[in-house]
Amino acid sequence: MKRLGVLVLGLFPLVGCQQVNQPSEKKVDSPTTEQVYQAIVSDYETALHAEDRKLPEGSLVNPISLDMTWRYGGFEEVTVVSQEVDLDQDGQKELLVGAKVPGDEQEWTIYTGAYGVLEGQVVDLLAPILVEESDNMLVFYTNNRLSVNQARSDATLVTAVYQLKGASFEELAYFEMPLGGDASRARDRRGTLYSQEDSEEVLTTALEHGWEEEVLQ
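Written out as structure tokens, the structure is:
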């Protein structure tokens with residue numbers, strides 16, 4: 001920490017010079033990654049159980065993720081879950097946050113938020129991916145893959161596969177098509193048309209397994 005003042009010593013010929021006391025400094029340690037992760041989970045829980053679901057000022061929680069957690073978790077009955085996991089096996093754990101979703105036979109988990117560390121600071125990993133006014137569905141996999149399905153407000157359905165690399169998700173495959181339209185009219189980023197069979201092959205190749213295999217719970 002840089003000092004706020006410089007103590008200057010002077011020699012004076014007069015006796016009884018007045019001594020000026022400098023204000024004391026107290027070093028404040030920066031919060032650890034673990035503490036920031038805990039604060040993020042706490043912000044989810046606090047906001048989701050508040051009437052207005054308002055996040056505290058300065059919160060790192062993604063508002064889109066918060067809304068997803070609320071809806072998938074059953075609204076007022078939402079149960080927040082979290083897990084720290086090293087997705088890309090680089091020695092730094094990421095934080096996943098989501099909700100328990102009741103099923104016919106058992107509960108299952110949908111993760112709606114992901115946070116990691118970039119240059120010593122905790123960041124929202126999904127900020128470039130989640131889209132407002134869309135239905136976002138995320139599935140994380142044990143082999144460092146993330147599949148995203150988005151039904152967007154412009155009547156477009158997007159399906160994409162990502163992998164975590166460093167502190168950002170790298171896009172491996174991407175297709176979009178008219179919502180409720182012909183699946184054979186899927187287009188990639190370059191606008192190239194794919195049949196349903198071909199686009200499915202590209203996506204599962206990027207995923208390296210079937211859609212329901214190796215799901216991270």
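Its first residue numbered 1, the sequence shown is counted upward by one per residue in full-length UniProt numbering. C-beta: ideal position from N, C-alpha, C; glycine also. Since the model is a prediction, treat every value here as computed from it, not as a measurement.
query, result
"Neighbourhood of glutamate 107 by C-beta distance below 6 angstroms, restricted to the same chain and skipping five residues each side", "Lys100"
"Contacts around alanine 155, its chain only, beta-carbon distance under 7 angstroms, and the 5 residues preceding and following it disregarded", "Pro178, Leu179"
"Assumed close pair leucine 95, tyrosine 115 - CB separation to whole angstroms, cut-off 8 angstroms", "4 angstroms"
"8 angstroms Cβ shell around valine 215 - same chain, five flanking residues per side excluded", "Val139, Phe140, Tyr141, Thr142"
"Best match in Ala50, Gln196, Glu105, Thr204 for proximity to aspartate 182 [C-alpha to C-alpha]", "Gln196"
"Assigned exposure category for phenylalanine 75 - 16 Cβ within 10 Å defines buried", "exposed"
"Beta-carbon spacing of valine 161, leucine 203 below 7 angstroms", "yes"
"Per-residue DSSP class, three states only, for glutamine 196", "helix"
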